[in-house]
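The block underneath contains the structure these notes are about, expressed in structure tokens.
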């Protein structure tokens with residue numbers, strides 16, 4: 015089977031850390047004979063010829079972040095693309111609006127398929143940011159954010175999405191949402207988040223033997239503690255649980271992104287007098303965090319409902335299931351599908367009584383909790399491993415490459 019090469023223009027900083035890039039494109043699609051050259055921003059300059067990206071070259075377009083960087087990113091992407099040999103079979107852009115215009119033009123000039131990868135509703139993200147930015151930041155910043163939001167809607171939904179030869183979206187819910195925007199379903203493929211089962215394996219990872227866990231009923235949350243995810247909700251849940259399980263311990267394996275978020279969550283723990291019931295680890299090496307997950311009896315995945323998150327594909331639930339830990343999560347569409355289909359946890363409304371009761375039932379019946387947990391790895395291997403996902407995505411790329419040459 016002839017190899018396929020993708021020119022992949024990205025919004026995320028390089029080198030990639032998100033598993034739907036690092037694992038999917040860097041490992042599993044490469045095994046399918048599909049390579050990818052990455053073009054995007056970085057925190058520090060990267061020499062593309064000496065990068066450690068296994069699937070191809072990696073070209074830095076400069077540092078990420080800021081309105082000015084966004085405004086000139088299209089030009090920087092064009093310069094970055096020009097550094098690569100133009101021998102790609104497919105041209106793809108991820109989570110970009112104005113830069114996507116440049117990528118589209120490159121695809122048209124080279125007569126290659128133009129593919130859009132949409133991992134989140136970027137336009138709605140800009141609109142939310144515009145609402146959050148008050149005039150105390152200055153009139154120019156306020157106007158710039160509102161202008162970016164308005165123009166992004168016109169460019170992305172009015173042109174980019176409709177010009178794409180194919181659109182990869184994050185979930186079935188996002189596919190239906192984009193169909194309502196006028197995109198034909200046959201030109202879209204839902205690619206939910208997955209798990210690199212070569213890393214997330216209950217059989218190869220050791221369980222944490224940290225002495226702080228001895229004699230405790232451990233519940234865990236793995237991930238970022240940004241205010242938009244409402245981490246205070248889990249503190250309220252454990253505050254309720256401690257009435258029935260005095261030895262309960264909630265591990266928050268992660269931290270806030272911004273300093274104010276980090277300070278806020280620590281103050282909230284103190285205000286609720288939960289210092290002996292919450293272990294906030296801060297950022298940990300992945301292997302260390304996963305050993306803590308294996309020690310837990312229940313994994314938590316509360317995700318606030320709303321435009322941005324309703325079409326998302328949550329990763330936490332998948333990671334718990336891959337490690338044989340039952341999950342209690344709420345009814346984000348993709349997460350509900352995972353929990354209902356796998357039978358490896360409980361899907362409940364995101365309310366303190368509902369979450370507390372679901373967790374309490376599992377803590378009160380350890381054998382049932384272990385039984386539910388045993389269902390997780392097989393489901394992940396069949397439906398949400400990046401090996402399985404890569405096979406599906408590779409078929410789409412091969413079809414696009416064949417069609418462009420016919």
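Numbering (this note's numbering), first residue to last: 15 to 420. We treat Cβ as the ideally placed atom computed from N, Cα and C, and that holds for glycine. Model, not experiment: these values are computed from the prediction.
Alpha-carbon spacing of residue i relative to residue j, whole angstroms
{"i": "residue 32", "j": "residue 367", "result": "33 Å"}
{"i": "residue 148", "j": "residue 405", "result": "46 Å"}
{"i": "residue 365", "j": "residue 195", "result": "32 Å"}
{"i": "residue 15", "j": "residue 409", "result": "12 Å"}
{"i": "residue 489", "j": "residue 161", "result": "What is shown of the chain runs 15 to 420, which leaves residue 489 out entirely."}
{"i": "residue 385", "j": "residue 333", "result": "17 Å"}
{"i": "residue 306", "j": "residue 229", "result": "15 Å"}
{"i": "residue 375", "j": "residue 382", "result": "9 Å"}
{"i": "residue 127", "j": "residue 158", "result": "32 Å"}
{"i": "residue 223", "j": "residue 285", "result": "29 Å"}
{"i": "residue 397", "j": "residue 210", "result": "12 Å"}
{"i": "residue 59", "j": "residue 257", "result": "Here residue 59 scores only 48 on pLDDT, less than 50, and its place in the model should not be relied on; the value that follows carries that caveat. Rounded to whole angstroms, residue 59 to residue 257 spans 52 Å at the Cα level."}
{"i": "residue 261", "j": "residue 369", "result": "18 Å"}
{"i": "residue 418", "j": "residue 200", "result": "17 Å"}
{"i": "residue 49", "j": "residue 212", "result": "20 Å"}
{"i": "residue 36", "j": "residue 281", "result": "35 Å"}
{"i": "residue 379", "j": "residue 252", "result": "18 Å"}
{"i": "residue 220", "j": "residue 302", "result": "9 Å"}
{"i": "residue 134", "j": "residue 110", "result": "10 Å"}
{"i": "residue 420", "j": "residue 179", "result": "15 Å"}
{"i": "residue 414", "j": "residue 191", "result": "23 Å"}
{"i": "residue 363", "j": "residue 97", "result": "50 Å"}
{"i": "residue 246", "j": "residue 175", "result": "37 Å"}
{"i": "residue 358", "j": "residue 311", "result": "12 Å"}
{"i": "residue 173", "j": "residue 188", "result": "18 Å"}
{"i": "residue 290", "j": "residue 275", "result": "21 Å"}
According to DSSP, residues forming a beta bridge with residue i
{"i": "residue 231", "result": "262"}
{"i": "residue 236", "result": "267"}
{"i": "residue 104", "result": "20"}
{"i": "residue 48", "result": "18"}
{"i": "residue 181", "result": "130 and 202"}
{"i": "residue 338", "result": "Residue 338 pairs with nothing; no bridge assigned."}
{"i": "residue 360", "result": "342"}
{"i": "residue 313", "result": "234 and 341"}
{"i": "residue 399", "result": "209"}
{"i": "residue 292", "result": "264"}
Cutoff 8 Å; reference residue i; Cβ partners in own chain excluding five residues on either side
{"i": "residue 63", "result": "Summary for residue 63: the model assigns pLDDT 46, below 50, so the residue's position carries little reliability; its value from the coordinates is reported in the next sentence. The answer, listed in chain order, is 71."}
{"i": "residue 293", "result": "226, 263, 264, 265 and 266"}
9 Å Cβ cutoff met for residue i and residue j
{"i": "residue 295", "j": "residue 314", "result": "no"}
{"i": "residue 254", "j": "residue 297", "result": "no"}
{"i": "residue 391", "j": "residue 337", "result": "yes"}
{"i": "residue 264", "j": "residue 235", "result": "yes"}
{"i": "residue 360", "j": "residue 372", "result": "yes"}
{"i": "residue 411", "j": "residue 197", "result": "no"}
{"i": "residue 377", "j": "residue 233", "result": "yes"}
{"i": "residue 238", "j": "residue 271", "result": "yes"}
{"i": "residue 73", "j": "residue 95", "result": "yes"}
{"i": "residue 102", "j": "residue 43", "result": "no"}
Cβ-based neighbour list, residue i, same chain, cut-off 7 Å, excluding 5 preceding and 5 following
{"i": "residue 67", "result": "29, 40 and 52"}
{"i": "residue 185", "result": "204, 206, 325, 326, 327, 347 and 348"}
Close beta carbons around residue i, own chain, < 6 Å, minus the five adjacent residues each side
{"i": "residue 182", "result": "131, 203 and 205"}
{"i": "residue 244", "result": "318"}
{"i": "residue 331", "result": "315, 341, 343, 349 and 352"}
How do the region 164-174 and the region 125-142 stand: do at least 3 beta-carbon pairs fall below 8 Å, yes or no?
yes
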